[in-house]
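Numbering (my numbering), first residue to last: 59 to 113.
Take a look at the structure:
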């Protein structure tokens, strides 16, 4: 059977794995939001520039 040290090692492994998984999900969401905002800003700037040139 498992000894207490092995049990603690397994719990520590699962904790680190879970923290890494949720951090990865958070960072993917944050980077997606960041890139989406940057693209929207570029589109707005191009529209404003086009409106100024045509006016």
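Yeah, the Cβ is synthetic: ideal placement off N, Cα and C, and Gly gets one too.
It is roughly 26 Å from the alpha-carbon of residue 74 to the alpha-carbon of residue 91. Residue 78 and residue 84 have their C-alpha atoms roughly 10 Å apart.
Annotated three-state conformation of residue 111 is helix, per DSSP.
Rounded to the nearest whole angstrom, the CA to CA distance from residue 65 to residue 76 is 16 Å.
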